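Comments concern the structure below.
Protein chains: 2
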Amino acid sequence: MADVAERAGVSASTVSRTLRGLSNVSPDVRARVEQAARELNFAVSRHASSLVTGRTGVVAVLVPTLNSWFMGSALSALGPLLRAADMELTVYVIPDLAERASFFEQLPARRNADALLVFSFDLTEEEGARLDDLGMPVVYVSQHADGRASVYVDDVAGARNGTRHLLHLGHRRIAFVQSRGATGFSFSSYGRLLGYQQALAEADVPRDDALVVAAPPEDKRAVVEALGALLSLREPPTAVFAEQDELAASLIRALRRSGIEVPERMSVLGFDDQPVADWFDLSTVSQSPSDMGRVAGELVLELINDPEADPGRHVVLPTHLIPRATTAPAPLADPA
Amino acid sequence: MADVAERAGVSASTVSRTLRGLSNVSPDVRARVEQAARELNFAVSRHASSLVTGRTGVVAVLVPTLNSWFMGSALSALGPLLRAADMELTVYVIPDLAERASFFEQLPARRNADALLVFSFDLTEEEGARLDDLGMPVVYVSQHADGRASVYVDDVAGARNGTRHLLHLGHRRIAFVQSRGATGFSFSSYGRLLGYQQALAEADVPRDDALVVAAPPEDKRAVVEALGALLSLREPPTAVFAEQDELAASLIRALRRSGIEVPERMSVLGFDDQPVADWFDLSTVSQSPSDMGRVAGELVLELINDPEADPGRHVVLPTHLIPRATTAPAPLADPA
DNA sequence: TAGTTCCTTGACAGCGCTGTCATACGTGCC
DNA sequence: GGCACGTATGACAGCGCTGTCAAGGAACTA
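Order-wise, the sequence lines are chains A and B.
The opening position of the first sequence corresponds to residue 17 in my numbering, with each subsequent residue numbered one higher.
The opening position of the second sequence corresponds to residue 17 in my numbering, with each subsequent residue numbered one higher.
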C-alpha cells in the first residue's frame, strides 16, 4: 500500500480511503490512486485490515460433505451471493466423527470468520452450546434449532402433501421408507415421517408401523431388504413413499427387477426432486437447495451487518408436489 | 493472547511459542499455558499471525460450480486433507462469464491465500498470464497447462481403451457424442475425442466425422437431436461412446423410448463412472475425482512448503474400463 | 478583509501476533 | 570457585492496514 501511495504521490491513508470507496476523496486523486493500484496489481490484504477493523470478511461453512446434490446446489448458490457482498467463503468439510470431534474442540473458525453456517448437522446439545459462545452469528441450515437462526424446508407439509396425493389416488396401504444415516435419522427424516403420519390420520387410515422401514440409501442391499419386508407383509402396500429420491430410485429398480410394475402394481413417490428423479420419471416432492443456500446467505449477511437483527429467526421454505410417471391409481383390490 | 499470558503467568512470547508447538518451552509452563488457553477458549487469530509470518494458511480454490459430481467428490477429498495440514479452504464459485471477468480483474485471492487451485477452467492465455504473476503457486486441476503444475486424468488413454472395448465386441460403426458446454469444448473433451480417434485408427476403421456429434448434457432435447442425426445416417452406428455418463444415460433413455434395445441393438458406453452409471447399469470408463482432489491437495501443499519444488509438475491419473450391461457384441449386419 | 465552515489530506497510533535479541538461570568443567 | 555454555523466558519492534485527529486550503459570508 505504501508503494501505491508513493506512486500516486499521496499518503497511505488516502490510498486506503480511495480503495475502500469512502467519499472524501477528490476525483483526480482517486483516479491517480486507482491507476497506481492497477499498475502495481495491488490488492488490499484482508488479513491486515481485519486486524484493525475486527471483521474478517469471511463466512465459514460447516458441511458433512460436498459430494451431494443438496450441498452442491446450496453452496453453488451461496458462493456468488457472498462474492457480491465482497465476502469470502471458507469451507470446513467434516466427513467423519473423528474430524467432527476435533472441529468442535478446536473451533478453527473462531476469530477467523464473521459468521458460521452449519449445514445438515444434527448437533448434540453440547456442540450447539459450543457454537453459542463462538462469538459470531451462527445460522443452522436444513435443521431447526430453537432460539437460533435457522433455515429449513417444510418437511412435514411436504410429506403430508405427498401422502395426500397417494391417498387421493386411492391408496390405503402406503409404506414409508426412511433414510438411515451413520448417526441415525436426520432432522428432515423425522419431519417427513411425521407429515406422512399426519396425512394418514387425517384420512382415517389406521396407522401400521410395519409399513415404516428404513435403510441407508447408498446400501442397495439394505434397500432391497427393506422392500422385501414390505412385500412379505400379510397385506402389502400398494404405494411407497421414500424419504429421498435416491431411495425411491433404488426401490423402483428392485421392484421392476422382480416384475412388479411401477406404477401399475406399485406407486413410488420420492422427495427432493434431484436429477435422478428426472432420469426415472419419478413423482416426487421438490425442495430447492439453491433457494436454501441463497436464503441462508442473505440471513447470515443480515446478522453480520445488523447487530440489531433477530438472532433467532427462522425461515421455512416450501415444497411442491411434482407428479410424474411413478404414481398412479391404486390397483383394484384382489377379491379376498 | 495477552489474557492467556496473564492467566498462565508468562509472557505473550511464551504463549505464542507454546501454542505453535515450538520446542523451547519447559513442560510445566507448557501445561499452564495450554490450560489457560483452554479455559479462555482462546484460538490464535490466523489473520494476525499471517501478517507477520507472511503466510495466510489458506488454500484458495476456483471452481465453476459445486453442483457437480466431479467438483463435489474432488473437494470432499481435498477438504479433510487440508484440514489435516492445518490449512483453510476458501472457495470461489464462478458460475458465469461476468463473475469470471470480475474475478480475473480483481484476483481477490491475491495476498489472501498461499496457493490457488484452478478446477476445470479452460483458461485463456491472458487469464493464465494473470495467474502467473499472482505471487503464489497455482495448480491446474483437470487440465493440462504447459509449464504449470497440473493434475488431470488420462482422457486420451481412457477413451482409447473404451473404444477398443467396443471394437473388440465387433463394432465398426462407433459414434462419439461430445459434451458441449456454454464456452465450447473442455480440455477433457478434446482428449477423449482424440483417444476415440486413435483407437479407430489403430484398428484401421475409417474415420467418419458424421459419427461425431455434440450436445450439452443438460439439454435433453439437444441430446435427442444428436442421436437422431446418428440414427438417420445411411449407415447408422451400432455403438455410441458418450463423453460423459449423463450424456450416455440420456441416450439410453431416448433409445429405449424409440424401441431400440440397449445393448442388443445398440451398445452405449459412458465416461466417468458417476452414480448415474450405476443406476443405468452403464458400461463406462471410470475416473476418480476424489483421487484427483487428493493428489491436487498434496501437490499444492508441497509447492507451498517447499520452495524448491518443481512448479511445473504434472500428475496424470489413470482410468479404468468398467464393463456393465450396456455394451454387448455388435448385432450381425443385416443382409445388404 | 477577516472570520467561519467544509472538504481534503497526512501523521500516527495500534490491531494481535511473531521473530530477534537480550537476559537470567542452571550445569558442567578445569 | 570461576568460567563457558546451553536452555528458558521476556522485551520490543514491526507486519499492513484503518481510525482518529489535526492541519491546510478553498469557498463562502458578513
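All C-beta atoms in this analysis are idealised placements derived from N, C-alpha and C, irrespective of residue type, glycine included.
Bear in mind that the values here come from a model prediction, so they are computed numbers and not experimental data.
Item, Value
"Residues in the segment 117-128 of chain B having any Cβ partner in chain A nearer than 9 angstroms", "S118, F119, Q122, L123, P124, A125, R126, R127, N128"
"C-beta neighbour in chain A for R36 of chain B, strict 7 angstroms", "no"
"Amino acids of chain A, ordered along the chain, whose beta-carbon sits closer than 7 angstroms to that of T199 of chain B", "Chain A residues near T199 of chain B: none, gap ~17 angstroms exceeds 7 angstroms."
"Under 8 angstroms by beta carbon: chain A residues contacting L47 of chain B", "The amino acid at residue 47 of chain B is misidentified as Leu; the sequence shows Ala. Those do not exist, as A47 of chain B stays about 17 angstroms from chain A at its closest Cβ, beyond 8 angstroms."
"Close-in-space but distant-in-sequence residues of the same chain around E55 of chain A (CB under 8 angstroms, 5 per side omitted)", "R23"
"Beta-carbon spacing of A344 of chain B, S306 of chain B below 7 angstroms", "no"
"Stretch pair the segment 117-129 of chain A + the segment 55-67 of chain B: three plus CB contacts closer than 8 angstroms", "yes"
"E50 of chain B, enclosing alpha helix (DSSP H) - first and last residue", "43-55"
"Coarse secondary structure for D170 of chain A, derived from DSSP in three states", "coil"
"Range covered by the beta strand (DSSP E) that runs through Q213 of chain B", "Not the beta strand (DSSP E): Q213 of chain B falls in the alpha helix (DSSP H), residues 203-218."
"Environment of Q213 of chain A [buried if 16+ CB atoms lie within 10 Å]", "buried"
"Validate contact between the segment 101-109 of chain A and the segment 182-192 of chain A using beta carbons, cut 8 angstroms, 3 pairs", "no"
"Whether F120 of chain B touches E141 of chain B by CB criterion (7 angstroms)", "no"
"Residue-level contact to chain A via CB, A64 of chain B, 7 angstroms cutoff", "yes"
"Proximal residues to G286 of chain B (C-beta, below 6 angstroms), its chain only, five neighbours per side dropped", "A258, D261, A264, A293, L298, T300"
"Closest Cα partner of A114 of chain B within the set A:I110, A:R99, A:V157, A:A245", "A:R99"
"Segment contact, 8 angstroms Cβ cut-off, at least three pairs: the segment 203-210 of chain A with the segment 149-160 of chain A", "yes"
"CB-CB length for L82 of chain A against S92 of chain B, believed under 8 angstroms", "5 angstroms"
"Beta bridge counterpart(s) of D130 of chain A as assigned by DSSP", "DSSP, once it has assigned bridges, lists no residue as partnering D130 of chain A."
"Same chain, Cβ closer than 8 angstroms to A352 of chain A, neighbours up to 5 away in sequence not counted", "For A352 of chain A, the predicted structure reports a pLDDT of 47, less than 50, and the residue's modelled location is therefore unreliable. A value from the coordinates is still provided. For A352 of chain A, where only same-chain residues beyond five positions count, there are no Cβ hits under 8 angstroms."
"Run of the beta strand (DSSP E) containing T106 of chain B, from where it starts to where it stops", "104-109"
"Opening and closing residue of the beta strand (DSSP E) in which A230 of chain A lies", "228-231"
"Helix, strand or coil at F86 of chain A according to DSSP, with G and I counted as helix", "helix"
"Length of the line joining the Cα atoms of G309 of chain A and L243 of chain B", "36 angstroms"
"Closest residue to V172 of chain B among B:G275, B:L35, B:L209, B:H63 (Cα-Cα distance)", "B:L209"
"Min CB distance L91 of chain A to chain B below 7 angstroms", "yes"
"is_contact[V154 of chain B, chain A] using C-beta, thresh 7 angstroms", "no"
"V332 of chain A - DSSP class collapsed to helix/strand/coil", "strand"
"Presumed contact (8 angstroms Cβ cut-off) between V49 of chain B and V26 of chain B, rounded CB distance", "6 angstroms"
"CB-CB length for V109 of chain A against V134 of chain A, believed under 8 angstroms", "Incorrect: roughly 13 angstroms between the Cβ atoms, too far for contact."
"Contact with chain B by P96 of chain A, beta-carbon distance below 7 angstroms", "yes"
"Residues of the segment 209-234 of chain A with Cβ closer than 8 angstroms to any Cβ of chain B, in chain order", "none"
"The alpha helix (DSSP H) enclosing D294 of chain B, as first and last residue numbers", "291-295"
"Rounded C-alpha distance that separates V137 of chain A from P96 of chain B", "Before going on, a small fix: residue 137 of chain A reads as Phe here, not Val. The straight-line gap from Cα to Cα measures roughly 17 angstroms."
"Chain A within 7 angstroms of G88 of chain B, Cβ atoms only", "yes"
"Bridge partner(s) assigned by DSSP for D288 of chain B", "B:S302"
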